[in-house]
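**Q** Under our numbering, read the sequence shown as residues 10 to 217, first letter to last. To start, I am sharing the structure in question, which I have written as structure tokens.
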Amino acid sequence: MNGCFITVEGGEGAGKSSNLEFVRRYLEQQGKQLVVTREPGGTPLGESIRSLLLDHRNSEITDDTELLLMFAARAQHLAEVICPALEQGQWVLCDRFTDATYAYQGGARGIPRQRIADLEQWVQQGLEPDLTLLLDIPVQQGLTRAGERSDPDRFEREQIAFFERVRAAYLEQARRYPHRYRVIDASRSLEEVRRLLDEVLAEWLAQR
Ligand code: Z5A
Numbered sequence: 010m011n012g013c014f015i016t017v018e019g020g021e022g023a024g025k026s027s028n029l030e031f032v033r034r035y036l037e038q039q040g041k042q043l044v045v046t047r048e049p050g051g052t053p054l055g056e057s058i059r060s061l062l063l064d065h066r067n068s069e070i071t072d073d074t075e076l077l078l079m080f081a082a083r084a085q086h087l088a089e090v091i092c093p094a095l096e097q098g099q100w101v102l103c104d105r106f107t108d109a110t111y112a113y114q115g116g117a118r119g120i121p122r123q124r125i126a127d128l129e130q131w132v133q134q135g136l137e138p139d140l141t142l143l144l145d146i147p148v149q150q151g152l153t154r155a156g157e158r159s160d161p162d163r164f165e166r167e168q169i170a171f172f173e174r175v176r177a178a179y180l181e182q183a184r185r186y187p188h189r190y191r192v193i194d195a196s197r198s199l200e201e202v203r204r205l206l207d208e209v210l211a212e213w214l215a216q217r
């Protein structure tokens, strides 16, 4: 594939939404033709699956069902959006991808890593992000930032121990895949986080 695949990851309150827009503008200023998308979602079918997954009334969803729905949405997303864009030489900036599955369904829910890896191989056939920006923040600080959501979704209703496991699993992914991971200290002010992102992106682009 000719394009470039960048993902942004992070736990609750890490500032993904706040910083994704900054990354988008940065890359566009470098002349990159970008497709910005998200998971779960990114296609009409994927967005419907997202609604099912986030709806707190769906408390009966089992861990395996949750995992399979994540990959069902991903298979559609890859076929309809991500692979065609990469094949045309476009850049894809995606808000969460399979590292989130390792963090939430693997680390936090406790699904064995190998089961996720098997689905990853089946659905992605070796495709992985070229760059993953992990916004890392201590869990309590992130939860304080996220604050009281008026109608928290199925994930946001989890307890602090769940988010501790999410963070640990993300950091484990970063250790496993240092070639594509860049960990950003998201506990700093928004201005400082953007300066760090600026530095990381400039260095990474210069090496390409
Ligand atoms: N999920 C999964 O389980 N498995 C998978 O494979 C995938 C996903 C792909 C929905 O995703 C859920 O799907 C997610 C995991 C699961 N569940 N959770 N939790 P999502 O991407 O929509 O989830 P989200 O965490 O709610 O994303 P978000 O909206 O980007 O939230 P955020 O990281 O907390 O970002 P934010 O809204 O930009 O920031 C939160 C607040 O902090 C906000 O008021 C900001 O103004 C403030 N903020 C941000 N940065 C700063 C700094 N630096 N200083 C001070 N204040 C700041």
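Where is the CB? At the ideal position from N, CA and C, for every residue including glycine.
(1) So Thr110 packs on Leu76, CB below 8 Å; how close in whole Å?
(2) Judging by CA-CA distance, which residue of Arg184, Thr153 and Glu165 is the nearest neighbour of Ser68?
(3) Would you report the Cα separation of Arg189 and Ile120, rounded to the nearest angstrom?
(4) Leaving out five residues before and five after Phe80 in sequence, what residues of the same chain have Cβ atoms less than 6 Å from its Cβ?
(5) Can you list, in chain order, the residues of its chain whose CB lies under 6 Å from that of Thr107, leaving out five sequence neighbours each side?
(6) Find the nearest neighbour of Ile15 within the set Ala211, Gln97, Leu62 and Val45, judged by alpha-carbon distance.
(7) Assuming Leu142 and Phe172 are in contact, meaning their beta carbons sit under 8 Å apart, how far apart are those beta carbons, in whole angstroms?
(8) Would the beta-carbon of Leu199 be found less than 7 Å away from any heavy atom of the ligand Z5A?
(9) Quick check on the DSSP output: the beta strand (DSSP E) that includes Asp145 runs from which residue to which?
(10) Start and end of the alpha helix (DSSP H) containing Ile58?
(11) Could you check if Phe14 belongs to the surroundings of the ligand Z5A, using beta carbon to heavy atom distance under 7 Å?
(12) Hey, would you say Val192 sits closer than 8 Å to Ala183, going by beta carbons?
(13) Using 7 Å as the cut-off, classify the Cβ of Asp104 as near or not near the heavy atoms of the ligand Z5A, replying yes or no.
(14) Determine whether the beta carbon atoms of Val243 and Gly135 lie at a separation below 8 Å.
(15) Express the C-alpha separation of Glu137 and Ala4 in angstroms, rounding to a whole number.
**A** Answer, in terms of the structure:
(1) 7 Å
(2) Glu165
(3) 24 Å
(4) Leu128 and Val132
(5) Glu129
(6) Val45
(7) At roughly 19 Å, the Cβ-Cβ gap does not stay under 8 Å, so Leu142 and Phe172 are not in contact.
(8) yes
(9) Leu140 to Asp145
(10) Pro53 to Leu63
(11) no
(12) yes
(13) yes
(14) The structure shown does not extend to residue 243, since the chain is modelled only from 10 through 217, so no value can be given for it.
(15) Examination of residue 4 is not possible in this model, given that the chain is present from 10 through 217 alone.
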